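Colleague:
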Amino acid sequence: MTITELHQKFIKKELSPVEMVKDYFKKIKKDDREIHAFLTLMEDEAFLEAKEAEKKFLKAKSKNDIEKIPLLCGIPCAVKDNILIEDVRCTAGSKILEDYIAPYSATVIEKLKNLGVVFLGKTNLDEFAMGASTETSAYGVTHNPIDKTRVPGGSSGGSAAAVAADFCQFALGSDTGGSIRQPASFCGVVGLKPTYGAVSRYGLIAMASSLDQIGPITKNVEDAEIVFKAIKGKDSYDSTSVESEFPIAEPYEAERGVKRSKASLDSTFQFSKLRIGIPKEYFIKGIEKDVKENIEKAIEKFQKLGAKIESISLPHTKYALATYYLIMPSEVSSNLARYDGIRYGLSKSKISKLTPKNSFEIYSKIRGKYLGAEAKRRILLGTFALSAGYYDQYYLKARMVRELIKKDFEIAFQKVDLILTPVSPTTAFKIGENINDPVKMYLSDIFTVGVSLVGLPALSLPCGNSKEGLPIGLQIIGKPFKENIILKTAKTFDEFYS
Amino acid sequence: MEIDHILKLARLEVSKEEKQHLEKDFSSILEFVKTLDEVKINKEELKKQKGGFKNVMRKDETKLKVKNEKLKMSEKLIKSAPETKDGYIKTKQIL
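Here the protein sequences come in this chain order: S and C. Read left to right, the first sequence gives residues 1102 to 1599 (the working numbering). Read left to right, the second sequence gives residues 239 to 333 (the working numbering).
1) Please specify which runs of the alpha helix (DSSP H), each continuous and at least 4 residues long, are wholly inside the stretch 1416-1474 of chain S, giving them in chain order.
2) What did DSSP end up calling L1216 of chain S once you bin it into helix, strand or coil?
3) How about V1219 of chain S and A1331 of chain S: are their beta carbons less than 7 Å apart?
4) Please confirm if T322 of chain C has its CB atom under 7 Å from at least one CB of chain S.
5) I need the straight-line Cα distance from I1443 of chain S to T322 of chain C, nearest angstrom please.
6) Runs of 4 residues minimum, wholly inside the stretch 1163-1188 of chain S: which ones carry the alpha helix (DSSP H) assignment?
7) Name the residue from S:V1290, S:T1192, S:L1505 whose alpha carbon lies nearest to the alpha carbon of I1306 of chain S.
8) Check whether chain S comes within 7 Å of K257 of chain C, counting only Cβ atoms and requiring the distance to be less than that.
9) Which one or two residues does DSSP pair with N1585 of chain S in a beta bridge?
10) Which word fits M295 of chain C, buried or exposed, when buried means at least 16 other C-beta atoms lie within 10 angstroms of its C-beta?
11) Less than 7 Å separating the beta-carbons of Y1297 of chain S and Q1314 of chain S?
12) Does any CB atom of chain S fall closer than 7 Å to the CB of K262 of chain C?
13) CB Y1495 of chain S to CB L1427 of chain S, shorter than 7 Å?
14) Flag V304 of chain C as yes if its beta-carbon sits less than 7 Å from any beta-carbon of chain S, otherwise no.
15) In whole angstroms, give me the CA-to-CA distance for L1557 of chain S and L1455 of chain S.
16) Any heavy atom of the ligand NAP inside 6 Å of the beta-carbon of L1497 of chain S?
17) Starting from the N-terminal side, write out each stretch of the beta strand (DSSP E) that is 3 residues or longer and does not extend beyond the stretch 1277-1310 of chain S.
18) Nearest-angstrom Cα distance between D263 of chain C and K1419 of chain S?
19) Run through DSSP, which three-state label would D1493 of chain S get?
20) State the DSSP-derived secondary structure class of T1522 of chain S, mapped to helix, strand or coil.
21) In or out: G1570 of chain S buried (at least 16 other Cβ within 10 Å) or exposed?
22) What are the uninterrupted segments assigned as beta strand (DSSP E) that are 3 or more residues long and contained completely in the stretch 1219-1272 of chain S, given in chain order?
23) Can you name the residues of chain S whose CB is closer than 8 Å to the CB of K301 of chain C?
24) Rounded C-beta distance between G1316 of chain S and K1294 of chain S? I'm assuming under 8 Å.
25) Kindly give me the distance between the Cβ atoms of G1289 of chain S and I1318 of chain S, rounded to whole angstroms, as I take these residues to be in contact under 8 Å.
26) Excluding sequence positions up to five away, which residues of its chain have a Cβ less than 6 Å from the Cβ of D1441 of chain S?
27) What's the C-alpha gap between Y1353 of chain S and Y1338 of chain S?
28) Check whether the Cβ atoms of F1384 of chain S and L1406 of chain S sit closer than 7 Å, and answer yes or no.
29) Show which residues of chain S have a CB atom less than 7 Å away from the CB atom of E251 of chain C.
30) With C-beta atoms as the reference, is I1532 of chain S less than 7 Å away from V1242 of chain S?
31) Does any residue of chain S have a CB that is nearer than 7 Å to the CB of S266 of chain C?
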């Protein structure tokens, strides 16, 4: 069911937000023992919020009253545990924040709360969102609901699993190098990484600040659009956020009697005028046969719908992953310096057990004990890449290559409106398969990091299954702040083929 | 570069065994990112391309207007710390 359909049911009193929340918690308590999507449940808060939402529907008598109720009112949502909700524990999947209670809410949470969204709980993630499988979480692995012996992807694995297992209507994730798109692909759900700056990062626990972006993970494209519209926009608390310049298509408002603006996309969007680029560098050795075949089939379908398919080249693609693994750890080493054992998250007794003699020992003993292996690997690499004598060779070089990757996309987007690629070279892998080989794990993000380095928007859209029945995701990449074109295209595609 | 030196710079104290693991992973990742050495950079060309960035400035003032809200927020922020005294975060001597 879509958010719009739920909203209609709430209006017609066929469904009550409170009953719905009750059912979700029943299901979570029964089935999440095997999936482990959630780290914290917010049952008391959720019931209060659902009751508030229900009151609004009961009170609304006139057509005018009903139209004033936001689409997201009473809709249950799960939130990745690196996004702050005031007075709720926020661990970022790390032991170093085990006792951390968020002192304020992220801007995205405030925005959704104002619309009446019901928050069910906080979902599991790789520690500080660093990983591609949710296995680096200090609180145990999340299992893929499609096949419980496999990973849900990562780092927003808990959020993607919660949507796929129907523990909520939608979830929020964060994406630094693929952390919304890859788990969405592995779990067979929709994930949108917005343009860098489209959504405020205030209240998102920082990993790599030039890359991080919050976005929705949903059951369908329409829901992704609704949630994206609700969370986007400039925020005075995040100086890198901007107001999107381009109008978002509003097909649902028409159903509710709202007049569309002239600039609305619907009047100009024509599938037959779309030019779609297929970068040859993304169809390489190492990509699973089933993935390749399904993506090629999807591309054919785009062609059948009238889109013009063009072969393009993004020549610096093969350097994207290496560039990412210098830029990101450098920013990580700086951002994670704040976990010094003095300001956040640990109890006094945990610290005194380590008997630090001076402040240096507080920092190093606590970080040594309470940060996990992947966090340490990335801090080390970043510290090295930024250190005297190596800065030019590693960090600065990576920044320059990042510019070349950006130029590749700029040139490509002069010719095409959208670019299609696989989200990941493989389907969901087995739990434990890659965890001891960091470089192999990093390869899971090979098709998503380029987009992140350039700050482009991209959607992961389910496009069939492998022979083993594992979902495959198609990545639809758009020009900066053209989420509207991505969403409209994905929706048209879905309507024809699902 | 010595792994011990980087560990010290990063303020990480780890066991001997963990250090061996980290060292091994570190060299394989470093080998991987070294592929960037192949990329030739034309700095003049890059300079031409750079742009599109602008600084976003704001006044250095609190956004919370109500005095009570300010107090509530600072209390909460300080409460996040493991050890506090009289509204301050307590730590061992730094210098």
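The beta-carbon is built from N, C-alpha and C at its ideal position, and this holds for glycine as well. Quantities reported herein were computed from a predicted structural model and do not represent experimental measurements.
Modeller: By the coordinates alone:
1) 1421-1436, 1449-1453, 1460-1471
2) Here residue 1216 of chain S refers to the residue found at position 115 when the first sequence is read from its first residue. Reduced to three states, the DSSP call for L1216 of chain S is coil.
3) Against the first sequence, residue 1219 of chain S aligns to sequence position 118. Against the first sequence, residue 1331 of chain S aligns to sequence position 230. Contact: no.
4) Within the second sequence, residue 322 of chain C is the residue found at index 84, counting from 1. Taking 7 Å as the threshold, the shortest C-beta distance from T322 of chain C to chain S does not fall below it.
5) Numbered from its first residue, the first sequence carries residue 1443 of chain S at position 342. Numbered from its first residue, the second sequence carries residue 322 of chain C at position 84. Cα-Cα distance, rounded: 10 Å.
6) 1164-1169
7) If you number the first sequence from 1, residue 1306 of chain S lands on position 205. That would be S:T1192, whose Cα lies nearest to the Cα of I1306 of chain S.
8) For the purposes of this step, residue 257 of chain C is taken as residue 19 along the second sequence, with counting starting at 1. No, K257 of chain C lies away from the interface with chain S (no Cβ there is under 7 Å from its Cβ).
9) Along the first sequence, one-based indexing puts residue 1585 of chain S at 484. Paired residues: none, contrary to the question.
10) In the second sequence, counting from the first residue as 1, residue 295 of chain C sits at position 57. Residue burial annotation: M295 of chain C is exposed, with fewer than 16 other C-beta atoms found within 10 angstroms of its C-beta.
11) Along the first sequence, one-based indexing puts residue 1297 of chain S at 196. Along the first sequence, one-based indexing puts residue 1314 of chain S at 213. The answer is yes: Cβ separation under 7 Å.
12) Counting from one through the second sequence, the residue named residue 262 of chain C turns up at place 24. By this cut-off, K262 of chain C is not an interface position.
13) Start at 1 with the first residue of the first sequence, and residue 1495 of chain S comes out as number 394. Start at 1 with the first residue of the first sequence, and residue 1427 of chain S comes out as number 326. Taking 7 Å as the Cβ cut-off, Y1495 of chain S and L1427 of chain S qualify as a contacting pair.
14) Mapped onto the second sequence, residue 304 of chain C falls at position 66. No, because no Cβ of chain S sits closer than 7 Å to the Cβ of V304 of chain C.
15) Within the first sequence, numbered from 1, the residue matching residue 1557 of chain S stands at position 456. Within the first sequence, numbered from 1, the residue matching residue 1455 of chain S stands at position 354. Distance between the alpha carbons of L1557 of chain S and L1455 of chain S is about 44 Å.
16) The ligand content of the structure shown is nil, which means the ligand NAP is not present either.
17) 1291-1294
18) Stepping through the second sequence from its first residue, residue 263 of chain C is reached at position 25. Stepping through the first sequence from its first residue, residue 1419 of chain S is reached at position 318. Each residue's Cα considered, the two are about 21 Å apart.
19) Taking the first residue of the first sequence as position 1, residue 1493 of chain S is located at position 392. Correct three-state label for D1493 of chain S: helix.
20) One-based indexing of the first sequence puts residue 1522 of chain S at position 421. In this structure, T1522 of chain S counts as strand in the three-state DSSP scheme.
21) Translated into positions along the first sequence, residue 1570 of chain S becomes position 469. Exposed, because fewer than 16 other Cβ atoms sit within 10 Å of the Cβ of G1570 of chain S.
22) You should have 1219-1224.
23) As a working mapping, residue 301 of chain C is identified with position 63 in the second sequence. Within chain S, the residues near K301 of chain C are S1337, Y1338.
24) Taking the first residue of the first sequence as position 1, residue 1316 of chain S is located at position 215. Taking the first residue of the first sequence as position 1, residue 1294 of chain S is located at position 193. Contact flag correct, Cβ pair sits at about 5 Å.
25) Taking the first residue of the first sequence as 1, we reach residue 1289 of chain S at position 188. Taking the first residue of the first sequence as 1, we reach residue 1318 of chain S at position 217. Not confirmed; about 11 Å, so no contact.
26) For the purposes of this step, residue 1441 of chain S is taken as residue 340 along the first sequence, with counting starting at 1. If we look at D1441 of chain S and ignore the five residues flanking it on each side, its Cβ neighbours are Y1464.
27) For the purposes of this step, residue 1353 of chain S is identified with residue 252 of the first sequence, where counting begins at 1. For the purposes of this step, residue 1338 of chain S is identified with residue 237 of the first sequence, where counting begins at 1. Legend: pLDDT at Y1353 of chain S = 42, less than 50; position of this residue unreliable, value from coordinates given subsequently. Going from the Cα of Y1353 of chain S to the Cα of Y1338 of chain S covers about 30 Å.
28) Position 283 of the first sequence, counted from the first residue, corresponds to residue 1384 of chain S. Position 305 of the first sequence, counted from the first residue, corresponds to residue 1406 of chain S. Going by C-beta atoms, F1384 of chain S is not nearer than 7 Å to L1406 of chain S.
29) Here residue 251 of chain C is taken as the residue at index 13 of the second sequence, counted from 1. By Cβ distance, chain S contributes S1465, K1466, G1469.
30) Looking up residue 1532 of chain S in the first sequence gives position 431. Looking up residue 1242 of chain S in the first sequence gives position 141. Their beta carbons are under 7 Å apart, which means I1532 of chain S touches V1242 of chain S by this criterion.
31) Position 28 of the second sequence, counting from 1, holds the residue named residue 266 of chain C. Judged by the 7 Å Cβ criterion, S266 of chain C is in contact with chain S.
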